[in-house]
Structures are given as structure tokens and as C-alpha cells.
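Taking it in order: structure first as C-alpha cells, then the write-up.
Numbering (mature numbering (1 follows the signal peptide of the UniProt record, and there is no 0)), first residue to last: -26 to -1, 1 to 357.
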């Protein structure tokens, strides 16, 4: 697929997420690389970043932090070649638009040279137009490219000084799941949101029948911090799905837990609803899981998935064909990276590959998840 077709598809998928803005707050600038065209692409839009990784771009990390004050940085797009160009020069932007480039609005502001770090722009005269410009805060990278024949076009704009953070080798898109065990007081939501593509948030653990309360949940089963997690991550543009840990011991309780789960989460309009089946709470978990699923559907949940514990997958014998997606945990070495794959089935949409992940914004451990097919990102989180 040609680059312009990929970006056009991304633009359509962005929908309400991608808007032009004349008032831009300080944000992280994500850097992506297209191995087929050699282009580096920069965006502050998390959804755009996620969809490009799905389309085959390699996410290279945060390149710089945009300044919150100063002259606007314009992004223009050439629909024939697919190249993006960034400039603070309004005359250059207008000239390019007159020549057929598309104005994609303001994606940041350029700070003052007294308080900010320079971002250098370089031009490759030997490359096809799509990959002809590059931007970097790194003086070392700038000098390396000049030695390779790139032309130094000087300082493109200024950004806030920032210790650059590049790819840790984690799967993309990267999805976390969190619950009341992740105390909001310990979370820097800005930093965490910059490191993830989506989050699945626990809303409920069991019901009032358990009458159990700890630091993560009330005795009703309601998660203590799900509302905060959803609000704070949504505020930062992170797509949200929800899950409920199932404790029901019979069919009536399955129906009741599904009902309370729906009532707690329905006003947040999550992209996906997950039942978390990790315990043999009743003998016939196959029928129990189906009652849970069908009750959610009858109440209005459009997409319902099943998280099934790897250790009980065969014993539960859940009819996964009835669910819209399957989520399987398997850690192997549990070293924060993908070190093994589920062995009980090949039929899974999401793989929870570690409970020992670490990201900026939260100093304790996190659950990390990857998609078997990255193209499922839209279905799971954006529709």
C-alpha cells in the first residue's frame, strides 16, 4: 500500500480524534519510521501514532516535548508523495499550500531560543520526496546525517529541553490493563499516557456476595479507582475498554454480576467489555460464561470478550466462538518483554505477556498486552 493511501486510511479512522487547533498545550512529539520509504514522521496525536504502527510504521519513541508558548509549528502534507513538512515560517507554509500541499494545521509551538533547545531540519537531495526531510534535537544525529550527504537547513524551530526516550523493544500497539491496585496518587497520567496506546480498566471484582474489601475494591465488588483511571486517561486521548473479574458461583450470579458491571460502566461508553474468567467458580463455566456474555449483550454492550486464565483454559471449556474476542495471559519468563506465547490455544486476539512491565509515569509493575493482529486495534478500541 502506498504511503499516501496508508495515511488517508489513518485520517479516516481518526475521525473525531484528529482536529486542528489554534491553542496547543505542551505535548510529547512521537517519532515513527517507515521502513519502506525511509520517512520519519512526527505527531502529537496518540491515536494517529497508534494507527500508524498498525499500518506498519515503527514507533521510535518520544523525540521532543513541544513548547507551550511561542510561534505555531505548521504541518503540511504532499498528497502525491506522502511527505510531511514542519515549519514555523508562515510564508513557507503558504507557498507550499499554493503548490498543492495540504495544510494539516498546528501541531505545536516553537519556544524561544533563550529557553528552548533547537530542532534541526535536514534535507536529503538523493532521496525520493517522501523521505527528503528529517528533524532532530540531537546534534550527534545531525552531524552524522551531514556526513552522509544530507544538507543542513539550520534550525527549524525550538522545543523544550527533553531527555529523548526511544523504543524499548516493546510490541506496538502497547496496551495496559489496570485496576484499583494502581493507586492514582502514584500515577503521573501524562507520562503514562505518552507510553501506551490503549488501556483496559477493571470496573468490578465479583459482587456484594463476596463482601470483601481491600485497597483496590469496595465490598460491593466495585473497583475503587476505575472512574479516576477512565477520566484521567480519556482526558489525555487514550482509548478505553473495561473488564470485570468474575466470581459468580451459579447462573443467577453470573447474570447479576454482568448487570452490575454494565450499570457501573455504561455511561463511559467503553469500546469493549471483557469478562475475566480466571477461577473455576462453578462446575459448568462454559454455560456460566455464556450467561455472563448474553446478559451484557441484552443490556446493550455491543462487543464482549473473554479473558481466560491460561491455567484453566481447557478445564473451563468456554465456547469462545460466542465472544467477539479472546484475551489470554501467558508470561513465561515474566521479564517485562514477550518471552513466550500461549500454548493452550492459537485462537486469541490479545496476549497479556507480562505482569512485570515498567513505564514512565508509574514506578511499580504493570500488565502489558499485545495484539496477535495489530489491525484489530481499530475494532477493539476505536469503534
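From the three backbone atoms N, C-alpha and C, an ideal C-beta is built for every residue, glycine too. All of these numbers come straight from a predicted model, not from anything done at the bench.
Per DSSP, the beta bridge partners of residue 131 are 93. Following the DSSP letters along the chain, one finds residue 164 inside the alpha helix (DSSP H) bounded by residues 163 to 169. Under the three-state reduction of DSSP output, residue 182 falls in the coil class, being neither helix nor strand. Looking at the DSSP output, residue 196 shares a beta bridge with 178. In the three-state DSSP reduction, residue 317 falls in the coil class, being neither helix nor strand. Under the DSSP assignment, residue 225 falls outside any beta strand (DSSP E), being part of the alpha helix (DSSP H) whose first and last residues are 225 to 239.
Each of 356, 248, 317, 29 was checked against the Cα of residue 212, and the nearest Cα belongs to 356. Bounds of any alpha helix (DSSP H) do not take in residue 210, whose DSSP letter is neither H nor E. Under the three-state reduction of DSSP output, residue 203 falls in the helix class. Here residue 237 is exposed. Its C-beta has fewer than 16 other C-beta atoms within 10 Å. In this structure, residue 111 lies away from residue 129, with their beta-carbon atoms at least 8 Å apart. In the displayed model, residue 119 falls within a helix according to three-state DSSP. Residue 289: member of the alpha helix (DSSP H) spanning 287 to 290, first to last residue. By the Cβ neighbour-count rule, residue 108 is buried, with 16 or more other Cβ atoms within 10 Å of its own. In the DSSP annotation of this structure, the continuous segment of the alpha helix (DSSP H) that includes residue 352 starts and ends at 351 to 355.
Distance from the CA of residue 179 to the CA of residue 35, rounded to the nearest whole angstrom, comes to 35 Å. Sequence-distant Cβ neighbours of residue 32 in its own chain, meaning closer than 6 Å and more than five residues away, are 7. Residue pairing for residue 297: DSSP places it in no beta bridge. In the three-state reduction of the DSSP assignment, residue 55 falls in the coil class, being assigned neither a helical nor a strand state. The C-beta distance from residue 301 to residue 277 rounds to 12 Å, too long to fall under 8 Å, and the pair is not in contact. In the structure shown, residue 146 falls within a coil segment according to DSSP collapsed to helix, strand and coil. As a beta-bridge residue in DSSP terms, residue 125 pairs with 97. DSSP, read as helix, strand or coil, puts residue 36 in strand. Listed in chain order, the non-local C-beta contacts of residue 297 below 7 Å within the same chain comprise 267, 278, 279, 280, local neighbours out to five positions each way being set aside. Per DSSP, reduced to three states, the secondary structure at residue 18 is coil, with no helix or strand assignment. Taken atom to atom, the span from the alpha-carbon of residue 58 to that of residue 77 is near 10 Å. The residue from 215, 218, 11, 329 with its alpha-carbon nearest to that of residue 56 is 11. Taking 8 Å as the cut-off, the beta carbon of residue 250 is found closer than this to the beta carbon of residue 217. Inclusion of residue 345 and residue 319 in the CB contact set at 8 Å is not warranted, their separation being larger than that value. Under the DSSP assignment, residue 259 falls in the alpha helix (DSSP H) whose first and last residues are 259 to 273. The continuous alpha helix (DSSP H) containing residue 72 extends over residues 64 to 72. Counting along the chain, the unbroken beta strand (DSSP E) around residue 330 starts and ends at 324 to 333. Under the criterion of beta carbons closer than 8 Å, residue 331 and residue 310 qualify as touching, at roughly 5 Å.
The residues 194, 195, 221, 222, 227, 230, 231, 234, in chain order, have a CB closer than 8 Å to that of residue 181 in the same chain once the five nearest residues on each side in sequence are set aside.
When the Cα atoms are used, residue 42 and residue 19 turn out to be separated by approximately 16 Å.
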